[in-house]
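J.:
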Amino acid sequence: MSAFFRKRNLRYPLLALLALGMAAVILISLWSEWGAGIFALLYGAAITSAWIMEKRNYEATEKHIETLSYRMKKVGEEALLEMPIGILLVSDTHQIEWANPYMTAALDYETLIGESVYSLSEEFNQLVKSTESNEMVIALAGRKYRVYYRADDRLFYLFDITEQVEIETLYHADRTVIGILFIDNYDELSQGMDDQVRSNLNSLVTSLINKWGTDNGIFVKRISSDRFMAVFNESILKTLEETKFTVLDDIREVTAKDNMALTLSIGVGAGSASLIELGSMAQSGLDLVLGRGGDQVAIKHPSGKVKFYGGKTNPVEKRTRVRARVISHALRDLIQESDQVFVMGHKMPDMDSIGAAVGVAKMAEMNRVKGRIVIDFDEYDRSVMRLMEEIESDPDLFERFITPEEALAEMTEHSLLVVVDTHKPSMVIDERLLQRMERVVLIDHHRRGEEFITNTMLVYMEPYASSTAELVTELIEYQPKHDKLTKLESTAMLAGIIVDTKSFTLRTGARTFEAASYLRSNGADTVLVQRLLKEDLETYIERAKIVQSVEFVGDGIAIAKGEEGRIYSPVLIAQTADILLTMKDVNASFVIAERTEGGVGISARSLGEVNVQVVMENLGGGGHLTNAATQMPNVTLAEAVEQLKLALMENDKGGSEE
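Residue numbers (this note's numbering): 111 to 768.
1) When we look at the beta-carbon of residue 463 and count the other beta-carbons within 10 Å, is it buried (16 or more) or exposed?
2) Which residues does DSSP list as the beta-bridge partners of residue 224?
3) Would you call residue 557 buried or exposed, if buried means 16 or more other Cβ atoms sit within 10 Å of its Cβ?
4) Three Cβ pairs or more, each shorter than 8 Å: is that satisfied between the stretch 716–733 and the stretch 745–759?
5) What do you reckon, are the CB atoms on residue 450 and residue 477 nearer than 8 Å?
6) Residue 316: which of 365, 129 and 278 sits nearest, CA to CA?
7) Whether or not the stretch 303–316 and the stretch 264–283 are in contact is what I'm after, with contact meaning three or more pairs of Cβ atoms, one per stretch, closer than 8 Å; do they touch?
8) Drop a sphere of 10 angstroms on the beta-carbon of residue 272, count the other beta-carbons inside from all chains shown, and report buried for 16 or more, exposed for fewer.
9) Assuming residue 454 contacts residue 539 (C-beta within less than 8 Å), just tell me the rounded distance between them.
10) Taking the alpha-carbon positions, what's the residue 330 to residue 584 distance?
11) Tell me whether residue 368 is buried or exposed, calling it buried when 16 or more other Cβ atoms sit within 10 Å of its Cβ.
12) Please report the distance separating the alpha-carbon of residue 500 from that of residue 507.
13) From the DSSP output, read off the bridge partner residues of residue 270.
14) Using a Cβ-Cβ distance cut-off of 8 Å, determine whether residue 240 contacts chain D.
15) Under 8 Å, with one C-beta from each stretch per pair, do the stretch 325–345 and the stretch 247–255 reach the 3-pair mark?
16) Could you tell me the distance, in whole angstroms, from the CA atom of residue 496 to the CA atom of residue 485?
17) Any chance you could list the beta strand (DSSP E) runs of at least 3 consecutive residues sitting entirely within the stretch 492–579, in chain order?
18) To which residues of the same chain is residue 194 closer than 7 Å at the C-beta, ignoring the five residues directly before and after it?
19) Given this structure, state the Cα-to-Cα distance separating residue 214 from residue 223, to the nearest angstrom.
20) Looking at the structure shown, is residue 775 part of a helix, part of a strand, or coil, going by DSSP?
21) Report the start-end ranges of each beta strand (DSSP E) in the stretch 427–459 that is 3 residues or longer and not cut off at the edges.
22) Which of the three DSSP states is assigned to residue 693 in this structure?
23) Starting from the Cα of residue 730, find the closest Cα among 299, 229, 559 and 580 and give me that residue.
24) Pull up the distance between the alpha-carbon of residue 487 and that of residue 456, whole angstroms please.
25) Specify, as a first and last residue, the run of the beta strand (DSSP E) that residue 209 falls within.
26) Which class does residue 415 belong to by DSSP, given the choice of helix, strand or coil?
27) Between 494, 676 and 386, which lies nearest to residue 645 when the distance is taken from Cα to Cα?
28) Go ahead and label residue 708 buried or exposed: buried means 16 or more other beta carbons lie within 10 angstroms of its beta carbon, across all protein chains shown.
29) Using 8 Å as the threshold, is the C-beta distance between residue 687 and residue 667 below it?
30) Sorry if obvious, but does the Cβ on residue 410 come closer than 7 Å to a heavy atom of the ligand SAM?
31) Just checking my contact of residue 372 with residue 295 at CB under 8 Å: how many whole Å lie between their CB atoms?
32) Exposed or buried, what is residue 413 when buried is set at 16 or more other beta-carbons lying within 10 Å of its beta-carbon?
33) Would you decide whether residue 748 is buried or exposed? Buried here means 16 or more other CB atoms lie within 10 Å of its CB.
34) Taking all protein chains shown into account, decide if residue 680 is buried (16 or more other Cβ within 10 angstroms of its Cβ) or exposed.
35) What is the DSSP secondary structure of residue 116, counted as helix, strand or coil?
36) By alpha-carbon positions, which one of 692, 710, 651 and 634 ends up nearest to residue 59?
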């Protein structure tokens, strides 16, 4: 029994009362001996009764505690041996020294003593070594356990959560998913059709999509001539991902037989309990897909994670120029409302970026507004050096070029910033201009990625276009004709088109030739273009050395890499990828080399069978179906090659993520 109970505080007041009583008897005896005697008898009887009662309570308490202690010990032993909680006590070498019967029975062992805990599951090793958490879900004998580890006691507690995991799985599988389906080129194809043909087309598309919905348990409702709403759950979504959304191929192939060639784009919202949020994510996913050229699926989650499927075809060129005219007029109004127009391309600008910037600056001049081109004179590639030398020989054109610092000093709240040939904030020449300007216009021909300049007043993105210079040329045609394009301006823009199309051999549509024809009629010098694009012998030899390192992975996929420790320009890497693609039996080429700004760069090209855009997106880059690239900081050449091979394997399996 604890000393706390042996010397309880209640006994001290009793002793004090006894002392006071004796003092009272002495005092009373001075007045009357009989009175003192009677008081002493009565007071002694009261004190004795209180003492006896206190002793009995003490003994009863002691007995109760002993009984409770015994019961608690018994319950503890039963809990340790009988309750459905696994307990493993291990040695300092993690050999099991003791296991309760529940754990032994659950794992169907006669005895666990002497077994290594790692022989049960390698995940115990992760739990023991983890410095961030002392718990983990581990699968053992077909069941799921939440395992807690007490390092000081070398003790594992295992709680069976199999039923909980099953319920969570069922809950997640049954969560609602909303999809918006959009027929990319329905309006354009149906414009020239008579009523009967259009009706047959509607019936064909509706039957194909309804059949897809019925086969997969999806509720599908047509909400307009070119849009459908789909409602399903996450278990169905998982099945669709495993089959890579075959409805995209079905729509494309069936309509192509009737010379209609319709493609389908789908935006999907998943992972949220809010129907409003699901609808918003589905629409956002659809916008993302359309910005990438259509014929794809984008699945968005609340975390911002996006998965892409499809994208097997090049974006369909729009034959109508209505959108170009509308955008041109909107841009004209924005320019006329501005005091200055600043044009900015991407870092290490190429011919297309410079040519498009020159064209936008000219549009500003056509509207009697000063146009300035922002460029870092210390950061442009040798491929544009000859063009810049030609521009320097033209004082009127060269004075439009300024540095980012000069632009920051000159711009006002009424200025307009036009970003060309990129839509990623991290890729522009100087992000400070984006942060400073509230009035921003974006013109680009790349497929849209998840990283995007958001604070824009006007966006003109057409992935079907060969180059940004082509888009800008079409916009110029609808601007006021106060000033004509000069010979050098036209040549710079034509050079951008020629470089991005590889002399009109890749991503070239009818509108590409129309834009080139317009520039030619305004004095573009094709001989000067060829002179600008000439390369020196040293560059040719460097490219040939990279080609010598080529290795094939998979069917027709060629990978080449530069020398370790040697810096290569982005243009040289890209040119080498283009050269590799012209070789026999090469369907896709990837060239890897170290970059001037550190890290490793990869340029990717294909003939269309391999979607190099998806592969590069998996490595943090982007681009087009047949032309893409990425920059990988803090990796070696060997690591970059391994990551590329893994990305190619993932691409074979289906979707890509961002």
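Here a beta-carbon is modelled for each residue, glycine too, at the ideal position from N, C-alpha and C. Note that the coordinates shown come from a computational prediction; the quantities given were computed from them, not determined experimentally.
T.: In brief:
1) Indexing the sequence shown from 1 puts residue 463 at position 353. The residue is buried, with at least 16 neighbouring Cβ atoms inside 10 Å.
2) Against the sequence shown, residue 224 aligns to sequence position 114. Bridge partners of residue 224: none, in fact.
3) In the sequence shown, counting from the first residue as 1, residue 557 sits at position 447. Buried, since its Cβ has 16 or more Cβ neighbours within 10 Å.
4) yes
5) For the purposes of this step, residue 450 is identified with residue 340 of the sequence shown, where counting begins at 1. For the purposes of this step, residue 477 is identified with residue 367 of the sequence shown, where counting begins at 1. Result no, Cβ atoms of residue 450 and residue 477 do not sit closer than 8 Å.
6) By one-based count along the sequence shown, residue 316 stands at place 206. Per the C-alpha coordinates, the member of 365, 129 and 278 positioned closest to residue 316 is 365.
7) no
8) Along the sequence shown, read from residue 1 onward, the residue named residue 272 stands at position 162. The residue in question, residue 272, is exposed, as its Cβ has fewer than 16 Cβ neighbours within 10 Å.
9) Locating residue 454 in the sequence shown gives position 344, where the first residue counts as 1. Locating residue 539 in the sequence shown gives position 429, where the first residue counts as 1. About 5 Å separates the two Cβ atoms, so the contact holds.
10) For this step, residue 330 is matched to residue 220 along the sequence shown. For this step, residue 584 is matched to residue 474 along the sequence shown. Taking the straight line from one Cα to the other gives about 39 Å.
11) As a working mapping, residue 368 is identified with position 258 in the sequence shown. So residue 368 counts as exposed.
12) The sequence position of residue 500 within the sequence shown is 390, counting from 1. The sequence position of residue 507 within the sequence shown is 397, counting from 1. Distance between the alpha carbons of residue 500 and residue 507: 10 Å.
13) Within the sequence shown, residue 270 is the residue found at index 160, counting from 1. DSSP lists 255 as partners of residue 270.
14) Here there is only one protein chain, and chain D is not present.
15) no
16) The residue given as residue 496 occupies position 386 in the sequence shown. The residue given as residue 485 occupies position 375 in the sequence shown. Computed Cα separation, rounded: 15 Å.
17) 526–530, 550–554 and 568–571
18) As a first step, residue 194 must be located in the sequence shown, where it is residue number 84. Counting only Cβ-Cβ distances below 7 Å, and skipping sequence neighbours, we find 212 and 270.
19) For the purposes of this step, residue 214 is identified with residue 104 of the sequence shown, where counting begins at 1. For the purposes of this step, residue 223 is identified with residue 113 of the sequence shown, where counting begins at 1. Distance from the CA atom of residue 214 to the CA atom of residue 223, rounded to whole angstroms, is 9 Å.
20) With the chain covering 111 to 768 only, the question about residue 775 has no answer from this structure.
21) Listed in chain order, the beta strand (DSSP E) elements of length 3 or more contained wholly in the stretch 427–459 are 450–454.
22) Locating residue 693 in the sequence shown gives position 583, counting from the first residue. Correct three-state label for residue 693: coil.
23) Along the sequence shown, read from residue 1 onward, the residue named residue 730 stands at position 620. Among 299, 229, 559 and 580, the Cα nearest to that of residue 730 belongs to 559.
24) Within the sequence shown, residue 487 is the residue found at index 377, counting from 1. Within the sequence shown, residue 456 is the residue found at index 346, counting from 1. The alpha-carbon atoms of residue 487 and residue 456 are separated by roughly 13 Å.
25) Stepping through the sequence shown from its first residue, residue 209 is reached at position 99. Per DSSP, residue 209 belongs to the beta strand (DSSP E) from 206–209.
26) As a position in the sequence shown, residue 415 is number 305, starting the count at 1. Note: residue 415 maps to coil in three-state DSSP.
27) Looking up residue 645 in the sequence shown gives position 535. That would be 494, whose Cα lies nearest to the Cα of residue 645.
28) Reading the sequence shown from its first residue, position 598 is the one you call residue 708. Exposed, since its Cβ has fewer than 16 Cβ neighbours within 10 Å.
29) Against the sequence shown, residue 687 aligns to sequence position 577. Against the sequence shown, residue 667 aligns to sequence position 557. Here residue 687 is not near residue 667, since their CB atoms are 8 Å or more apart.
30) As far as ligands go, the structure on display features none, and thus does not contain the ligand SAM.
31) What you label residue 372 is simply residue 262 of the sequence shown in a count that begins at 1. What you label residue 295 is simply residue 185 of the sequence shown in a count that begins at 1. Yes, residue 372 and residue 295 are in contact; Cβ-Cβ is about 6 Å, under 8 Å.
32) Locating residue 413 in the sequence shown gives position 303, counting from the first residue. Looking at its Cβ environment, which holds fewer than 16 other Cβ atoms inside 10 Å, residue 413 is exposed.
33) Looking up residue 748 in the sequence shown gives position 638. Residue 748 counts as exposed, since fewer than 16 other beta carbons sit within 10 angstroms of its beta carbon.
34) Taking the sequence shown and counting its residues from 1, one reaches residue 680 at position 570. Buried, by the Cβ-count rule.
35) Residue numbering aside, residue 116 sits at position 6 when the sequence shown is read from its first letter. Residue confidence is low: residue 116 scores 48 on pLDDT, short of 50, so the model does not pin down where it sits. Its coordinate-derived value is still stated next. Helix at residue 116.
36) Residue 59 lies beyond the stretch modelled for the chain, which goes from 111 to 768, so this question has no answer here.
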